[in-house]
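Working notes for the structure below.
Protein chains: 2
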Amino acid sequence: MTRAVVLLSGGLDSTVACAMAKAAGHEVHAVSFDYGQRHRRELESAKAVAKALGARSHSVLKVPVGDYGGSALTDHGIAVPTGRSEKDMGADIPVTYVPARNIVFLSLALGVAEVKDAEAIYIGANALDYSGYPDCRPEFFAAFEEMARRGTKRGVEGRPVRIEVPLQSMTKADIVREGLRLKAPLDLTWSCYQGGEVACGVCDSCVLRLKGFREAGAADPVPYARR
Amino acid sequence: MTRAVVLLSGGLDSTVACAMAKAAGHEVHAVSFDYGQRHRRELESAKAVAKALGARSHSVLKVPVGDYGGSALTDHGIAVPTGRSEKDMGADIPVTYVPARNIVFLSLALGVAEVKDAEAIYIGANALDYSGYPDCRPEFFAAFEEMARRGTKRGVEGRPVRIEVPLQSMTKADIVREGLRLKAPLDLTWSCYQGGEVACGVCDSCVLRLKGFREAGAADPVPYARR
Chain X
1 MTRAVVLLSG GLDSTVACAM AKAAGHEVHA VSFDYGQRHR RELESAKAVA KALGARSHSV
61 LKVPVGDYGG SALTDHGIAV PTGRSEKDMG ADIPVTYVPA RNIVFLSLAL GVAEVKDAEA
121 IYIGANALDY SGYPDCRPEF FAAFEEMARR GTKRGVEGRP VRIEVPLQSM TKADIVREGL
181 RLKAPLDLTW SCYQGGEVAC GVCDSCVLRL KGFREAGAAD PVPYARR
Chain Y
1 MTRAVVLLSG GLDSTVACAM AKAAGHEVHA VSFDYGQRHR RELESAKAVA KALGARSHSV
61 LKVPVGDYGG SALTDHGIAV PTGRSEKDMG ADIPVTYVPA RNIVFLSLAL GVAEVKDAEA
121 IYIGANALDY SGYPDCRPEF FAAFEEMARR GTKRGVEGRP VRIEVPLQSM TKADIVREGL
181 RLKAPLDLTW SCYQGGEVAC GVCDSCVLRL KGFREAGAAD PVPYARR
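For the record, the sequence lines run as chains X and Y.
The numbering of the first sequence is my numbering, which starts it at 1 and goes up by one.
The numbering of the second sequence is my numbering, which starts it at 1 and goes up by one.
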C-alpha cells in the first residue's frame with residue numbers, strides 16, 4: 001500500500017483533500033500544526049476528522065511560526081477583517097498571511113514523509129479562493145517539489161516526494177461537492193477565523209465557505225452565529 | 001543598514017558564518033533551533049556567540065524535527081559513529097542526517113526574515129565536509145532560494161531573500177583561518193556530537209574540526225577528552 005502525508009488543519013479544504021488521498025488508495029498519515037492560532041477549535045476538528053477518515057497516524061506538531069508575529073491569525077494586535085467582498089479578498093496579500101507558513105508546514109511534512117516512507121504530501125490549498133497568498137500558488141508548489149527533490153534523501157535516491165494539491169483548480173462549490181461525494185465528515189470541520197462557540201459567518205473564511213455550500217446547493221452542517 | 005538572519009547552531013561553522021555576515025555590514029538577527037538534540041550544550045554556545053558578536057536579536061525556536069525520529073542526532077536508539085576516516089564520512093548519507101532538517105530551519109528563518117525585513121539568510125553549511133547531506137549541497141540552496149522567491153511576500157514583491165552560504169567552498173582549515181582573521185569567538189563554540197563536559201575528540205565532527213585547526217596551524221581553544 002502506498003502512503004501519503006496529509007496536512008490536516010481541520011477545515012473544509014484539508015478534510016476534503018484528506019478524503020481524496022484516502023480515495024486514491026493511500027494509507028493516510030495526518031499532520032496538524034499547533035502554531036499559536038488564536039483559537040484551538042480547529043485542532044479539535046482535525047483530531048475528529050483524522051479519526052473519522054481512518055488515518056493510520058496523526059501527528060500534532062508544535063511549531064513556532066506564531067512566535068515571530070506579523071499576521072492577524074497569530075498576532076492579537078492585528079484585526080481579522082470581516083464583511084469583505086470576494087473581490088476585495090483577492091486584491092492584496094491579506095493580513096491573515098502568516099510569513100512562510102505553508103513553507104514551514106510542508107517542510108515538516110517532508111520530514112515526516114521521509115520517516116514514514118510516504119511518496120506524496122497532500123495539501124488542501126486552492127488558488128482560486130486564496131490567490132493573495134504567495135505560498136498557495138501553483139508555481140510555489142512546483143518550486144517546493146523541486147527543492148524537496150534536491151534536498152532530501154528520498155529525492156537524491158530517485159524516489160522524490162510529490163506535492164499533491166488536488167483542490168488547486170476547484171472552486172469552493174466544487175470542493176463541497178467532492179466532499180459530499182466522498183462522504184467526508186464535513187460536519188466535523190471548522191473554517192471560521194474567529195474563536196467563538198459557533199462560526200461567525202462574517203469573516204473571509206466563513207463568507208467563502210457559506211457561498212460554496214450555497215452554490216453547491218447543499219446545506220452547511222456547521223452552526224453559524226449568522227449567515 | 002541591511003539586515004541578515006543567521007542560522008546559529010553554536011558550532012564553529014555557523015559562528016564563522018555569523019562573523020562574516022557582520023563583516024559584510026549586516027545587522028545580525030541570529031536564529032537557533034531547539035529540536036530535541038541529544039545535548040543542550042550547543043544552544044548555550046549559540047547564546048554566548050550571539051552576544052559576543054553583537055547580534056541585534058537572537059531567537060531560539062523550538063521545532064519538532066526530533067519528534068519524527070530517524071536520525072542518530074535526535075534518536076537515542078541510533079549510535080553516533082566515532083573513529084571514522086574523512087573518506088568514510090563522505091561515502092553515504094550519514095546516520096546523523098536529520099530528515100529535512102535544513103529545509104525546516106531555512107523555512108523558519110525565512111519567516112523571521114520576512115518579519116524582520118532582512119534581505120539575506122546566512123547558513124554555515126559547507127559541501128566539502130558534509131557532502132553526504134543532501135540539504136547541504138549547492139543545488140539544494142539554489143532550489144530553496146527559488147522556492148522562497150515564489151512563496152513569500154518579499155519574493156513576489158520583487159525583493160527576494162538571498163540564501164548566503166559563505167563557507168560553501170571552504171575547507172575546515174579555511175573556515176578556521178577566516179574565523180581567526182575576523183576574531184570570531186571560536187573559544188565559545190561547540191562542535192562535538194556527544195554531550196560530555198569536554199569535546200570527545202573522536203566523533204566525525206570533532207575529527208574534522210581538529211584536523212581543520214591542525215591544517216590552519218592554529219590551536220583549538222576548546223578542551224578535548226582526547227585529540
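Built from N, CA and C at the ideal position, the CB exists for glycine as well.
For a test of the three-state rule: what should DSSP assign to residue i, helix, strand or coil?
i, result
"residue 19/Y", "helix"
"residue 116/Y", "helix"
"residue 123/Y", "coil"
"residue 109/Y", "helix"
"residue 7/Y", "strand"
"residue 162/Y", "strand"
"residue 57/X", "strand"
"residue 191/Y", "coil"
"residue 73/Y", "With a pLDDT of 46 at residue 73/Y, under the threshold of 50, the modelled position of this residue cannot be trusted; read the value that follows with caution. Residue 73/Y falls in the coil class under three-state DSSP."
"residue 91/X", "Only weak support exists for where residue 91/X lies, its pLDDT of 47 falling under 50; the coordinates are left without a value."
"residue 62/X", "strand"
"residue 32/Y", "strand"
"residue 136/Y", "helix"
"residue 203/X", "strand"
"residue 27/X", "strand"
Please say whether residue j and residue i have beta carbons closer to each other than 8 Å?
i, j, result
"residue 50/X", "residue 8/X", "yes"
"residue 135/X", "residue 151/Y", "yes"
"residue 208/X", "residue 172/X", "yes"
"residue 107/X", "residue 104/Y", "yes"
"residue 55/Y", "residue 30/Y", "yes"
"residue 43/X", "residue 10/X", "yes"
"residue 114/X", "residue 149/X", "no"
"residue 146/Y", "residue 109/X", "no"
"residue 15/Y", "residue 119/Y", "no"
"residue 195/X", "residue 101/X", "no"
"residue 63/X", "residue 63/Y", "yes"
Around the Cβ of residue i, are there at least 16 other Cβ atoms within 10 angstroms (buried) or fewer (exposed)?
i, result
"residue 217/X", "exposed"
"residue 99/X", "buried"
"residue 13/X", "buried"
"residue 189/X", "buried"
"residue 223/X", "exposed"
"residue 187/X", "exposed"
"residue 191/Y", "buried"
"residue 219/X", "exposed"
"residue 45/Y", "buried"
"residue 210/X", "buried"
"residue 137/X", "buried"
*Spell out a yes or no on whether the region 198–207 of chain X and the region 19–32 of chain X are touching, meaning 3 or more CB-CB pairs, one atom from each, closer than 8 Å.*
no
*Counting pairs of beta carbons, one from the region 160–180 of chain Y and one from the region 157–167 of chain X, are three or more of them closer than 8 Å?*
no
*Which residues, in chain order, does the region 49–66 of chain Y contribute to contact with chain X at a C-beta distance below 8 Å?*
59, 61, 62, 63, 64 and 65
*Counting pairs of Cβ atoms below 8 Å between the region 162–179 of chain X and the region 107–123 of chain X, do you hit three or more?*
yes
*asked:* At a CB distance below 7 Å, what residues from the region 152–167 of chain X approach chain Y? Give them in sequence order.
replied: 152, 153, 155 and 156
*Listed in chain order, which residues of the region 104–136 of chain Y have Cβ atoms closer than 7 Å to some Cβ of chain X?*
104, 107, 108, 110, 111, 112, 114, 115, 134 and 135
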